[in-house]
Amino acid sequence: MAHITPNPSDDQAGGGPLLGDVLVTGGSGFLGYHLVGQLLADPECGAVHVLDRVAAGSSSSANHHAGATYHACSVEDAAGVRALLSSARPRVVFHCSSPNFSFPDEAGRARGRGAAADQLESNVDGTRVLLDEARRCGSVAALVLAATIDMYRNPPHVDGDESLPTWADVDDGPGPPEEAYARSKAAAHKLVLAANEPDSLSSSASGRPPLKTASLVLAHAYGERDSQMVRTMLGTAARPGVPFVQIGAGGNAIEVVDVANAAAALRLAAKALLDRSRASGRVDGEAFNVSDGRPVPFWHHVRVMYDAAQRHYGTKGEPRVVVVPGWVMRAVVWIVYWTLAIFTLGRVRPPVSLSRQALVYSLHSHTYSTRKIRERLGFEPASDHDAVVAAAMEWELKRREAETGTAKKVA
Numbered sequence: 008m009a010h011i012t013p014n015p016s017d018d019q020a021g022g023g024p025l026l027g028d029v030l031v032t033g034g035s036g037f038l039g040y041h042l043v044g045q046l047l048a049d050p051e052c053g054a055v056h057v058l059d060r061v062a063a064g065s066s067s068s069a070n071h072h073a074g075a076t077y078h079a080c081s082v083e084d085a086a087g088v089r090a091l092l093s094s095a096r097p098r099v100v101f102h103c104s105s106p107n108f109s110f111p112d113e114a115g116r117a118r119g120r121g122a123a124a125d126q127l128e129s130n131v132d133g134t135r136v137l138l139d140e141a142r143r144c145g146s147v148a149a150l151v152l153a154a155t156i157d158m159y160r161n162p163p164h165v166d167g168d169e170s171l172p173t174w175a176d177v178d179d180g181p182g183p184p185e186e187a188y189a190r191s192k193a194a195a196h197k198l199v200l201a202a203n204e205p206d207s208l209s210s211s212a213s214g215r216p217p218l219k220t221a222s223l224v225l226a227h228a229y230g231e232r233d234s235q236m237v238r239t240m241l242g243t244a245a246r247p248g249v250p251f252v253q254i255g256a257g258g259n260a261i262e263v264v265d266v267a268n269a270a271a272a273l274r275l276a277a278k279a280l281l282d283r284s285r286a287s288g289r290v291d292g293e294a295f296n297v298s299d300g301r302p303v304p305f306w307h308h309v310r311v312m313y314d315a316a317q318r319h320y321g322t323k324g325e326p327r328v329v330v331v332p333g334w335v336m337r338a339v340v341w342i343v344y345w346t347l348a349i350f351t352l353g354r355v356r357p358p359v360s361l362s363r364q365a366l367v368y369s370l371h372s373h374t375y376s377t378r379k380i381r382e383r384l385g386f387e388p389a390s391d392h393d394a395v396v397a398a399a400m401e402w403e404l405k406r407r408e409a410e411t412g413t414a415k416k417v418a
């Protein structure tokens, strides 16, 4: 996990802990769960409140921590958000909520709307509501967004920094359905940075502190309770005894982040927004790329998950490796996309493993510079990538067995 040196003497207004009471949106999700856990253990944090559209008793409520207070509410519900902020009075808001990127159709169906509409309403309308109500509340001094590298337009990228154009720099429209997540997160990023308020907005004049904001642009996260990459693998490439399938030559690299490092970076940014002595340079109104700082070969990342699953299943011997030429996969993805577009009128989307986004990641490098967050916030990520990825796969397999009562499948 990233190194953070707390300074308990830096208390808010000479009173309680620096962060004060906090609110985490999406706190029942993958990132949110780990962030809430770290906040509960942080001596510079007060009470932890979670806003999540997942109600207690649902399957995702397994991602709840004792010690945090959970509130079932959608972030785009202005009245609900207003009531929660009025009662909780947080000093800091961590905005981590977003529909599942890899399986958006499920979330959309659960809420009676399409996947693209769900992404836009949650990520764009919800962010706008949260910012408006945070200003109205009067207690919120800092808001940190968990953004994503997917917001940078026209990938692939190599060692890209925060100056890369985002989809929102082109327009704020939804685009085609497969771009809804990237475009909506880019729009949220733009809203959050624009909402940063100057110091000249004094508490005495406005009756509230100026709202300071930052956007942390996270690489693709890995770790225990991952509900995207691990799930995709178990549904396709990591079934018992199947060969390992690689697309293309395999030289492409990706930027990833241990979810514990991502959560630590969010806390660092919030503290720096409240106490400028925590940073070497400006933080408010700024974007920061966040990763482990060491790109990994994409197919190594995938292979670690595959091998962990096969060990769990008890698969014997070395796996058979099948290398599919990139041009073949491009043709398959093109055929699947247009077949579904024509015969279902776009109502059915390609599976994750055959999407155009998956193809781009399978064949091209996506790496990003983290120099800015390391220099300004002293971010020092640390992770044993292979061990954490393997443990995440093992954890998910055991969770599924406990849920269904099934035993290991031996191939």
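All the letters of the sequence shown, read from the start, carry residue numbers 8 to 418 under my numbering.
Even for Gly, the Cβ is constructed at its ideal location relative to N, Cα and C.
Using a threshold of 8 Å, state whether the C-beta atoms of residue i and residue j are closer than that.
i      : j      : result
Ser105 : Gly33  : yes
Ala193 : Thr220 : no
Phe295 : Val224 : yes
Cys80  : Arg60  : yes
His371 : Pro162 : yes
Tyr229 : Ala409 : no
Val82  : Val136 : yes
Ala279 : Ala286 : yes
Pro250 : Pro326 : yes
Val252 : Val329 : yes
Return the CA-CA distance between residue i and residue j, expressed in angstroms with no decimal places.
i      : j      : result
Ala272 : Gly255 : 34 Å
Ala195 : Gly182 : 15 Å
Gly333 : Ala69  : 40 Å
Ala348 : Val264 : 34 Å
Asp139 : Ser298 : 30 Å
Thr243 : Asp291 : 42 Å
Ser284 : Ala245 : 47 Å
Ala86  : His78  : 13 Å
His393 : Val309 : Correcting the residue type first, residue 393 is Asp in the shown sequence and not His. Cα to Cα, Asp393 sits roughly 10 Å from Val309.
Arg289 : Asp166 : 22 Å
Leu404 : His319 : 8 Å
Leu218 : Phe350 : 49 Å
Gly421 : Gly321 : In the structure as shown, the chain begins at 8 and stops at 418. Residue 421 is therefore absent and cannot be evaluated.
Tell me which residues share the same chain as residue i and place their Cβ nearer than 8 Å to its Cβ, disregarding the 5 neighbours each side in the sequence.
i      : result
Trp402 : Glu231 and Arg232
Gly180 : Arg190
For residue i, which beta-bridge partners are listed by DSSP?
i      : result
Asp265 : Tyr229
Ser222 : Leu152 and Ala294
His102 : Thr32 and Leu152
Ile254 : Val331
Thr76  : His56
Ala260 : Pro304
Gly167 : Tyr375
Thr173 : Tyr159
Which whole-angstrom value is the C-beta distance of residue i and residue j, which I expect to be below 8 Å?
i      : j      : result
Val31  : Cys103 : 6 Å
Leu152 : Ser234 : Rounded, the Cβ-Cβ distance is 20 Å, inconsistent with contact.
Pro302 : Thr374 : 4 Å
Asp168 : Lys379 : 7 Å
By Cβ distance below 7 Å, which residues in the same chain neighbour residue i in space, the five residues on each side in sequence not counted?
i      : result
Asp178 : none
Ser360 : Thr239 and Thr243
Gln126 : Pro106, Pro111, Ala187, Tyr188 and Ser191
Looking only at its chain, what residues have a beta carbon closer than 6 Å to the beta carbon of residue i, apart from the 5 residues adjacent to it on each side?
i      : result
Glu51  : Pro13, Pro24, Leu25 and Leu26
Gly257 : Trp306
Pro172 : Arg160
Asn130 : Ser105, Ser191, Lys192 and Ala195
Using a Cβ cut-off of 8 Å (strictly closer), state whether residue i contacts chain B.
i     : result
Asp49 : Within the model displayed, chain B is absent; a lone protein chain is all it includes.
Measuring only from the beta carbon, is residue i closer than 7 Å to any heavy atom that is part of the ligand MG?
i      : result
Leu150 : With respect to small molecules bound, the structure shown includes none, and the ligand MG cannot be examined in it.
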